[in-house]
């Protein structure tokens, strides 16, 4: 291969690499613009949510937590007390959630005495019956 051919190939590779670099710079500029637009929109959404929360909830201490946060706290409670059997009211008290809701004041009037005996003598049976063995 002579020097002229080598220089021609080198120039072709230079041109191709320059074109690719220019294309990547253009993509970066487009993505940077799109990111700025999305971040601005996200800031607007956060601000809107704060305004709506302040208008909808007169007492900010009564605001309910995000479901993911309550879920994480629940999982943490079970992990911190692995052998403990929680009733709904106990779990609500442990997590600082309201205990005056009718949905947590459920009685076991439909259980017969054998169900209570089974769960007290064989906790695995109660776990299986409640469907918790699949976890």
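Residue numbers (our numbering): 949 to 1083. All C-beta atoms, glycine included, are put in the ideal place defined by N, C-alpha and C.
Sequence-distant residues of the same chain with beta carbon closer than 6 Å to residue i, five excluded per side
| i | result |
| --- | --- |
| residue 1003 | none |
Cβ-Cβ distance between residue i and residue j below 8 Å
| i | j | result |
| --- | --- | --- |
| residue 1039 | residue 1022 | yes |
| residue 1037 | residue 1047 | yes |
Neighbourhood of residue i by C-beta, 8 Å cutoff - its chain only, sequence neighbours within 5 removed
| i | result |
| --- | --- |
| residue 977 | none |
| residue 975 | none |
| residue 995 | none |
| residue 1034 | 1025, 1026, 1042 |
beta-carbon residue i near the ligand MN non-hydrogen atom, thresh 7 Å
| i | result |
| --- | --- |
| residue 1034 | Ligands displayed in this structure: none; no statement on the ligand MN is therefore possible. |
Beta-carbon contacts of residue i that lie in its chain and below 7 Å, excluding the five residues immediately before and after
| i | result |
| --- | --- |
| residue 957 | none |
| residue 984 | none |
Those runs of the alpha helix (DSSP H) which lie wholly inside the segment 978-1044 and span at least 4 residues: 1015-1028, 1036-1043
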